[in-house]
Every structure is written in structure tokens, then in C-alpha cells.
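For reference, the structure is listed below as C-alpha cells.
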Amino acid sequence: MRKLLFIAIVCMNSIVYSLEQTECMPIGLKCEHLVNPLGIDTPKPRLSWKLNDKRKGARQSAYQIFVSRDSLALAEDKGDRWNSGRQSVSDMLIEYTGPDLKAQTKYFWKVRVWDKDGTACTSSIATFETGMMGTERWKGKWISDNHDIHYKAAPYFRRTFDIKKPIKSARAYVAVAGLYELSVNGRRIGDQRLNPMYTRFDRRTLYVVEDVTAQLRSRKNALGIVLGNGWYNHQPLAVWDFHKAPWRDRPAFCMDLRIVYTDGSEETITSDNNWKTSSGPITYNNIYTGEHYDARRENPEWDKPGFDDAEWQDIRYRNPPSSIIVSQQIAPIRLVNTYKPQSVRKIDEKTYVFDMGQNMAGITQLKIRGPEGTVLHIRHGERLYPDGRLDQSNIDVYYLGDKQTEPFQTDIVTLSGKKEDEFMSRFTYKGFRYVEINSSEALPMDEFTLTAYFMHSDVAAAGKLETSSALVNSLWKATNNAYLSNLMGYPTDCPQREKNGWTGDGHLAIETAFYNFDALTVYEKWMADHRDEQQPNGVLPDIIPTGGWGYGTANGLDWTSTIAIIPWEAYLFYGDPRLLEDCYPNIKRYVDYVDSISPSGLTTFGRGDWVPVKSQSNLELTSSVYFFVDATILASAAKLLGKKEDQKKYEALHKKIKAAINNKFLDSSRAIYASGTQTELSVPLHWGVVPENIRDRVAANLNKKVEETNFHLDVGVLGAKALLNALKDNGYAETAYKVAVQDTYPSWGWWIVNGATTLLENWDLNAKRDISDNHMMFGEIGGWFFKSIGGILPDSRQPGFKHILLKPIFPKGLNQSSITYTSPYGDILSSWNVRDGAVIYDIEIPPNSSATFYPSENIRNTDVMKLEAGKHSLRLDLK
Numbered sequence: 001m002r003k004l005l006f007i008a009i010v011c012m013n014s015i016v017y018s019l020e021q022t023e024c025m026p027i028g029l030k031c032e033h034l035v036n037p038l039g040i041d042t043p044k045p046r047l048s049w050k051l052n053d054k055r056k057g058a059r060q061s062a063y064q065i066f067v068s069r070d071s072l073a074l075a076e077d078k079g080d081r082w083n084s085g086r087q088s089v090s091d092m093l094i095e096y097t098g099p100d101l102k103a104q105t106k107y108f109w110k111v112r113v114w115d116k117d118g119t120a121c122t123s124s125i126a127t128f129e130t131g132m133m134g135t136e137r138w139k140g141k142w143i144s145d146n147h148d149i150h151y152k153a154a155p156y157f158r159r160t161f162d163i164k165k166p167i168k169s170a171r172a173y174v175a176v177a178g179l180y181e182l183s184v185n186g187r188r189i190g191d192q193r194l195n196p197m198y199t200r201f202d203r204r205t206l207y208v209v210e211d212v213t214a215q216l217r218s219r220k221n222a223l224g225i226v227l228g229n230g231w232y233n234h235q236p237l238a239v240w241d242f243h244k245a246p247w248r249d250r251p252a253f254c255m256d257l258r259i260v261y262t263d264g265s266e267e268t269i270t271s272d273n274n275w276k277t278s279s280g281p282i283t284y285n286n287i288y289t290g291e292h293y294d295a296r297r298e299n300p301e302w303d304k305p306g307f308d309d310a311e312w313q314d315i316r317y318r319n320p321p322s323s324i325i326v327s328q329q330i331a332p333i334r335l336v337n338t339y340k341p342q343s344v345r346k347i348d349e350k351t352y353v354f355d356m357g358q359n360m361a362g363i364t365q366l367k368i369r370g371p372e373g374t375v376l377h378i379r380h381g382e383r384l385y386p387d388g389r390l391d392q393s394n395i396d397v398y399y400l401g402d403k404q405t406e407p408f409q410t411d412i413v414t415l416s417g418k419k420e421d422e423f424m425s426r427f428t429y430k431g432f433r434y435v436e437i438n439s440s441e442a443l444p445m446d447e448f449t450l451t452a453y454f455m456h457s458d459v460a461a462a463g464k465l466e467t468s469s470a471l472v473n474s475l476w477k478a479t480n481n482a483y484l485s486n487l488m489g490y491p492t493d494c495p496q497r498e499k500n501g502w503t504g505d506g507h508l509a510i511e512t513a514f515y516n517f518d519a520l521t522v523y524e525k526w527m528a529d530h531r532d533e534q535q536p537n538g539v540l541p542d543i544i545p546t547g548g549w550g551y552g553t554a555n556g557l558d559w560t561s562t563i564a565i566i567p568w569e570a571y572l573f574y575g576d577p578r579l580l581e582d583c584y585p586n587i588k589r590y591v592d593y594v595d596s597i598s599p600s601g602l603t604t605f606g607r608g609d610w611v612p613v614k615s616q617s618n619l620e621l622t623s624s625v626y627f628f629v630d631a632t633i634l635a636s637a638a639k640l641l642g643k644k645e646d647q648k649k650y651e652a653l654h655k656k657i658k659a660a661i662n663n664k665f666l667d668s669s670r671a672i673y674a675s676g677t678q679t680e681l682s683v684p685l686h687w688g689v690v691p692e693n694i695r696d697r698v699a700a701n702l703n704k705k706v707e708e709t710n711f712h713l714d715v716g717v718l719g720a721k722a723l724l725n726a727l728k729d730n731g732y733a734e735t736a737y738k739v740a741v742q743d744t745y746p747s748w749g750w751w752i753v754n755g756a757t758t759l760l761e762n763w764d765l766n767a768k769r770d771i772s773d774n775h776m777m778f779g780e781i782g783g784w785f786f787k788s789i790g791g792i793l794p795d796s797r798q799p800g801f802k803h804i805l806l807k808p809i810f811p812k813g814l815n816q817s818s819i820t821y822t823s824p825y826g827d828i829l830s831s832w833n834v835r836d837g838a839v840i841y842d843i844e845i846p847p848n849s850s851a852t853f854y855p856s857e858n859i860r861n862t863d864v865m866k867l868e869a870g871k872h873s874l875r876l877d878l879k
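Mapping of the sequence shown onto UniProt numbering: residues 1 to 879, in sequence order.
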């Protein structure tokens with residue numbers, strides 16, 4: 001009877017539990033901000049989740065995390081590795097604090113949460129798998145072929161081995177100096193591109209973990225690896241001195257293939273002298289210029305078990321490129337979007353030009369038949385000459401290589417004559433909209449000959465915008481296209497001419513980045529690159545990573561403030577202090593260095609307002625403002641991390657800098673900074689330097705300055721970051737919006753009405769320099785729409801959008817806007833329509849979050865409102 005009663009109770013509990021799950025469910029489980037990641041190296045990984053609960057006031061009152069090596073045990077709530085116990089807090093980002101994790105081990109985890117009513121609900125099971133967790137566990141050797149840095153052809157490697165027992169799991173751990181592609185039994189592993197990511201190779205090298213369980217088979221198996229030069233062995237000359245990098249060498253790799261059998265035994269196949277090497281059809285590769293491919297040298301069997309490698313050579317052992325080999329924990333680069341030509345223009349029998357309709361970063365795939373030995377030059381660029389031919393003059397200006405034998409942004413393919421040849425570069429990418437193919441023989445081509453792939457770090461979308469303004473919608477899309485084109489494991493300036501990680505471009509667009517994409521892992525990697533590149537005295541280069549270029553006299557605060565601004569913005573957007581904590585010593589070293597060379601609190605260390613329309617702004621003013629910003633962030637970080645003495649020191653420093661700026665540059669009687677350019681007025685306003693008692697007058701002067709230009713920009717990159725925010729946040733939202741949607745020169749909209757599908761590097765379409773057509777340094781515009789017409793802002797007192805500041809504007813001429821941002825707690829919706837003199841404002845606040853709504857200047861009879869989680873609809877009367 002007791003047994004039957006127990007069964008009945010269990011069944012009833014199961015029914016109740018099932019009903020509970022429909023009300024509240026933890027979802028979106030991540031480890032280290034990644035979904036079910038492989039290769040976790042950190043000993044205390046971060047675990048996070050969201051709450052699926054549509055009820056008003058939905059919140060988490062407590063949580064309990066279970067971590068186990070046994071999924072069945074976990075299903076029974078047995079966290080044999082870690083059971084956090086019930087924690088009566090609303091936190092949804094938790095650092096693992098259980099017993100030490102074991103290397104190369106798969107862990108299962110789930111979270112139980114208690115909702116606002118104290119009802120429990122439990123997530124599905126997620127996983128994470130640890131990596132090497134230290135260099136001492138590597139068994140393989142670093143190997144390469146027998147050529148030097150000048151040899152052009154890519155090295156191919158292979159080895160065979162036998163498997164005699166059933167397999168439970170198999171992981172390939174691949175560390176590479178350069179780039180690689182791995183194949184098993186003739187099949188390429190995975191869909192990731194350009195692995196591993198670019199780092200300062202002599203200080204930190206990345207490895208990638210590949211799941212190859214499904215590709216292995218009983219008996220004979222073959223492994224194949226092709227290596228590319230990447231940034232490790234930059235062969236053609238360029239002004240950035242890539243070819244002089246201290247790490248430069250022939251590409252090499254180290255590999256452990258760890259096989260776990262069903263009987264519990266293990267075996268590791270390593271990189272050693274059992275491998276053989278040769279060259280193949282990739283006769284040249286350079287990430288900056290292109291790839292050369294000879295289809296006559298193909299051998300489709302080279303990476304299969306039965307291939308005869310008697311003529312292949314022995315490998316050569318190499319020293320590791322660095323003493324630090326760490327797991328690549330980052331959103332990978334993939335081929336994300338596919339484009340077929342919008343038009344194909346025949347120039348002559350041997351020349352065709354393809355218009356892909358979209359400027360992008362990526363590669364093209366060629367499919368064509370032709371006589372053996374026919375050579376095709378596949379040239380990529382952003383512009384056309386009036387006669388329809390490809391124009392590369394705006395992007396090849398810094399390339400110093402041999403443009404005949406190693407042409408810029410050009411793949412060279414030699415046909416086999418035996419079949420329809422296919423080619424898609426492996427170890428390079430280009431920035432382009434147009435492709436010109438020149439053939440040594442007359443060959444017919446059509447829209448099926450060429451396909452383009454938009455390639456970038458495959459970060460998930462976080463923002464969505466749709467308004468009644470076609471220009472706003474187009475600007476948002478163009479900004480995102482430019483951003484993604486410049487995200488290749490680190491943020492770059494342009495995907496063609498440079499591919500450099502310019503620091504200024506990175507921090508100027510960081511809010512746009514975080515409003516639109518879940519890109520934290522990319523910036524965590526890039527900030528590690530900053531830590532690698534920082535000199536002992538605190539100085540940073542203005543391109544990161546770098547082979548040595550960029551430690552000049554102008555690599556100052558307006559650019560290299562990335563070290564402070566990006567960790568702080570990551571904290572605001574994600575509520576995660578890890579990056580700020582990791583970078584704290586580096587921020588401190590950087591600020592201390594600037595302080596040592598700027599005893600008065602003022603500095604000229606910087607580049608200034610780069611690429612202005614016409615007005616030149618004071619370098620000392622803008623650089624000193626960024627010094628103030630960095631000191632302010634450092635003081636706030638010290639407070640957050642409990643460093644009280646540092647907090648006092650840097651609070652005093654930021655007050656000193658602010659006073660020095662205002663004493664020298666502020667004319668209080670006129671409420672003007674310096675000469676009163678748009679940049680000189682907006683930068684102090686945006687960054688909080690202006691004294692409160694004069695703030696309104698300075699803002700009024702800025703507004704007047706913009707009105708004098710008929711609502712056009714007269715700024716460079718620093719002003720473009722500050723201007724719209726300074727206006728909107730100081731009572732001039734209408735002016736800011738008019739500037740944002742201006743469509744005559746100079747403006748962001750001017751680019752769009754002239755056919756741009758990405759953001760440009762120069763306001764002037766006919767400029768003679770700084771003329772990339774796919775650039776991100778003016779990228780503030782894409783994020784500003786979220787801050788203005790969406791009004792979605794983080795609260796530094798409850799970061800990560802635990803509490804949301806809603807400050808939307810409702811500008812004249814815009815009748816509808818719907819903006820969604822996926823925060824760490826879920827989707828925030830800020831959507832409104834103008835009807836009959838009123839705004840119908842629909843809001844959604846995610847579970848476990850709250851908001852405060854602040855009415856804009858053109859709303860009457862409405863007070864500040866506190867909003868709980870859930871849906872809200874407000875009617876707001878316009879003045």
C-alpha cells in the first residue's frame with residue numbers, strides 16, 4: 001500500500017511539475033557565454049541562463065545549479081560535481097565554485113529556479129567540455145614541413161592509424177601557428193573558417209577542439225591537415241610591417257587526437273614523425289591579398305587511408321611559437337550569407353564583371369570548365385570604373401607587394417581541363433561587392449559561374465529595428481553590414497585595404513556592437529590581445545594585434561582607450577565584471593603612464609578628430625577628455641572590485657583632469673569650449689566634463705552650431721561618436737534626429753542615397769584618401785537608434801539590463817518605430833506608433849528585470865514610471 005501511495009505521489013508531482021514548467025522555465029543555458037562549448041580552459045567557468053516566464057512581475061527568487069559527469073544522475077538531481085544548494089538571489093550569471101574541474105572532460109549541468117511565487121522549475125540539461133587546461137597535457141609535437149618563410153605553396157600533412165575497438169568519443173585538439181583545415185577520411189571537419197584566430201603568436205597561441213567522433217571508423221583511418229600562412233607568415237610587403245613580425249616563421253601545428261573507447265580505455269594519436277608532408281594545389285596563400293590554386297595538382301585521395309604517400313617527405317620538428325597555448329573560446333568565423341550575382345556584364349570574350357549587390361567581407365566560389373592550363377584572375381573590389389571594369393584604386397594604396405605575380409585581392413586559378421573545376425579560397429578573405437574575372441582563354445560565364453559568401457564571426461543577432469523611415473532602416477542595415485564585415489575574431493577597420501584591429505574604430509562602435517550582436521566573446525579575445533601587446537610602461541599600439549607597427553607618437557587616448565572603455569561597456573551590457581577584472585591591472589598601468597607624462601592633467605597624446613568634414617578640433621582637448629574617461633572608468637572599476645585606495649586615487653585624478661580641461665578650454669562667459677566646433681562642444685558634453693551649472697548653455701551653443709550647418713555634420717570620428725548623444729541627452733532630441741536622418745552632404749544618409757550598402761570611411765564621396773567603402777569608425781549611428789527612438793539604456797547601478805532605463809524620443813516625421821534588444825534577461829521591446837496627437841507606446845520587460853520610463857520633452861502630463869517585468873501599453877499625449 002505504501003509503495004502504491006509513493007508511486008501515486010510521484011506521478012502527481014510529475015503532473016504538477018509539468019504544469020509548473022508551462023509557467024516558468026530556465027532557458028538559454030550558456031557556459032562562458034557559449035552554448036554547449038568544447039575546450040573550456042578556465043577553472044571557474046561562468047554559467048548563465050534566462051527565464052521564460054510571460055507573467056507580469058516575473059522574477060527569479062532563488063536558483064540551484066547542478067553539475068555532474070553523469071547525465072542520468074543529473075536527471076535525478078544528483079550534482080556529483082557541484083550542487084550549489086538553493087541560493088535565494090535573483091542572479092542569473094554564476095561563477096562555478098565547485099571542486100576542481102578535470103581536463104578533457106564532459107560535464108552536464110542544469111539549473112532549478114524558483115519563480116516569484118516560490119514555485120520551482122528546472123531547465124533542460126546543457127553541457128560543457130573542458131580543454132587541456134594547461135600546456136603540460138599536450139602529447140603531440142610541433143611539426144612543419146622542410147621549407148622556409150619564402151616558400152609559396154601551402155604544406156599538406158597526413159598520417160594513418162588503426163582503430164580496433166568501438167568508440168565512445170573522439171576529440172581533435174589542434175594548435176596552429178598560422179591557419180588550418182582538418183579532414184578525417186577525406187571529409188573536412190566542421191564549417192568554421194580561418195581557424196585559429198589571429199593573436200600575438202609569440203605570446204599566446206590558440207587551439208581549437210573538433211568533435212570527430214562521427215568521422216572515425218573501425219580499422220584504417222587517415223588524418224589530413226592543410227596549413228595556411230594567415231597573419232603568422234605574411235609574405236607580401238605592406239606598410240604595416242606584417243612581414244617583420246617577430247614571430248614570423250613557416251606555419252606549424254601540434255595535434256592530439258584523443259579517442260575514448262566504450263570499454264573506458266583511451267588512446268591519443270599525436271603530431272609526430274609518423275606524419276608525412278607535401279605540397280598540393282594551393283600554390284600561394286595570403287590573408288591580405290589572395291590565393292593561387294592549380295587544379296592540375298589536385299589529388300582527391302590525399303587525405304584518405306588508401307593513398308600512396310611514398311613520395312611525400314618527412315616532417316620537421318619545431319619549437320612551440322609561444323609558451324602559452326590556450327583554448328579558442330569565441331564565436332567562430334563562418335560563411336553566413338550567400339549571394340548570387342545581381343548582374344553579369346561581359347566586357348569581352350575573356351573578361352566578365354559580377355555585381356553581387358552587397359558590399360561585404362568574404363570569399364567567392366568559382367565553378368567553370370575550360371582547357372587545361374587556362375588561367376583565371378578573380379579580382380575583388382568595391383568600385384567600378386565608368387567603363388564597367390573593376391576599380392581597386394581606393395583599396396590597394398597600402399599594398400607594396402608585386403602586383404603582377406601577387407596581385408591585390410585576387411585569386412588566381414589554373415584549370416585542370418578534365419572536369420568542371422571548383423575553387424573557393426581557404427586561407428584568405430576580401431572586401432568586395434564586384435568581382436572581375438579575366439581568363440587567358442575565351443570562356444563563357446554566367447550567373448552560375450560565381451557565388452559570393454559573406455564571411456564573418458558568426459555572432460548571434462541581439463538587436464532588431466523596424467521603423468516607418470526607409471532611411472533609418474537602411475542606415476541600420478548598412479551599419480550592421482559594415483560591422484559584420486569587420487568582425488574576424490577581432491574588430492577591424494576595413495576588410496580590404498588593411499584588415500587591422502584599429503583600436504579607435506573598436507571602441508567608437510562598441511555600443512553599436514553590443515546593441516546589435518551578442519559579441520562579448522570576440523571582445524574578450526581582443527582584450528586578451530590588448531594585454532599581450534601592452535608594454536611594461538603601459539603603452540599600447542593603435543592596431544591590435546600587431547607585428548610591431550603602431551607604438552608611435554599618436555597611439556594615444558582617443559584610440560587606445562579601448563583598454564578601459566570596452567571592458568566597462570561589457571560590464572554595462574552583460575552585467576559581467578570578468579573582463580573588467582581581467583583588464584584592471586592593464587587599465588591602471590595605462591592611466592598611470594598617461595598621468596606620468598601629463599602632470600597638469602592635460603595631454604596631447606592622441607590622433608585627434610580623424611577625418612573631419614572641414615573643421616579642425618583641438619587635439620589637447622579631445623585627448624584630455626579621453627584621459628578623463630579612462631580615469632573615471634578606473635575609479636568606478638576600483639569601487640566595484642573593492643580596491644578602496646585605488647578608488648580614492650583615481651577619483652581624485654578624474655576630478656583633477658576635469659578641472660584642468662575646464663580651466664583651459666571652457667570660456668564660461670560664452671559657454672564655449674576651445675573654438676566651438678561641433679566636436680569641441682559635443683565631446684565634453686557627451687563624456688560628462690561640462691560643469692552642471694553651465695551644461696544647458698553649452699548644449700544650446702551646440703544646437704545653434706548644428707542649426708548653422710542646416711542640420712549637417714561637421715565632425716570627424718570623435719565628434720560622430722559624441723554629437724547625437726550630446727544633443728539628445730541635453731534637450732535637443734529633434735535636432736539630433738534631423739542630423740541622423742539628413743540625406744544631403746555631409747551626413748550618414750548621403751552615403752545611403754548614393755547606393756552604399758555599408759558605412760564609408762569618408763563623408764566626401766570624392767575624397768582622395770581615407771576612402772574605404774566598408775568601414776566602421778563612423779558606426780555610432782547604428783547603436784544610437786537603440787538609445788534614442790528605442791530609448792533602451794543600461795543602468796550602471798544594476799548592469800546587464802537588470803534594470804532598464806527607458807528614454808525614447810518621438811521625433812517629428814517618424815510615425816512608427818519597433819526596436820527589440822535581446823538583453824541577458826531576455827527581449828526588451830520598445831515599440832510605438834503616433835496616432836491622433838498621441839503616442840501608443842508598447843513595452844515588454846523581460847523576466848527578472850525592471851524598468852523606469854522617462855517621458856521625453858515633447859510628452860505632456862506624464863510622470864516618470866516604474867515598470868515591472870511583462871507587457872505594458874501606454875498612451876502618451878504629444879505637446
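In this text, a Cβ means the ideal position worked out from N, Cα and C, and glycines have one as well.
Since the structure is predicted, the reported quantities are computational estimates derived from the model, not experimental observations.
Is it right to say residue i is buried, meaning 16 or more other beta carbons lie within 10 angstroms of its own, or is it exposed?
i	result
Pro525	Pro is not the amino acid found at residue 525; the sequence shown has Lys there. With 16 or more Cβ atoms within 10 Å of its Cβ, Lys525 is classed as buried.
Ile282	buried
Ala478	buried
Ala652	exposed
Asn13	Because the pLDDT at Asn13 is just 36, under 50, the model does not fix this residue reliably, and the value given afterwards should be weighed accordingly. Classification of Asn13: exposed, given that the 10 Å Cβ count is below 16.
Asn299	exposed
Phe128	buried
Tyr317	exposed
His775	buried
Gly306	exposed
Phe810	buried
Ile510	buried
Look up residue i in the DSSP assignment and give the residues it is bridged to.
i	result
Val239	Answer by DSSP bridge pairing: none, since Val239 is not bridged.
Lys30	Ser48
Thr268	Arg258
Along the chain, where does the alpha helix (DSSP H) containing residue i start, and where does it finish?
i	result
Ser636	Leu619 to Leu640
Lys477	Ala470 to Ser485
Pro567	Thr562 to Tyr574
Trp526	Leu520 to Glu533
residue 896	This structure does not reach residue 896, given that the chain is present from 1 up to 879, and the question cannot be answered.
Asn725	Val717 to Lys728
Tyr515	Ile510 to Asn516
Val553	Checking the sequence, you will find Thr at residue 553 rather than Val. First-last for Thr553: undefined, no H or E at that position.
Lys367	Here Lys367 belongs to no alpha helix (DSSP H); instead the beta strand (DSSP E) covers Thr351 to Ile368.
What would DSSP say about residue i, mapped onto helix, strand or coil?
i	result
His150	coil
Glu651	helix
Cys583	helix
Asn36	coil
Asp877	strand
Ala460	strand
residue 901	This structure does not reach residue 901, given that the chain is present from 1 up to 879, and the question cannot be answered.
Which residue marks the beginning of the beta strand (DSSP E) containing residue i, and which one marks its end?
i	result
residue 888	The question about residue 888 has no answer, for the chain in this structure spans 1 to 879.
Val174	Ile167 to Ala177
Trp142	Trp142 to Ser144
Lys802	Note, Lys802: premise wrong, no beta strand (DSSP E); not H, not E.
Lys276	Lys276 to Ser279
Thr160	Pro155 to Ile163
Quick check on the DSSP output: what are the complete beta strand (DSSP E) runs of length 3 or more inside the segment 173-235, in order along the chain? 179-184, 205-211 and 219-228
Residue ranges of each alpha helix (DSSP H) within the segment 50-75, 4 or longer: 71-75
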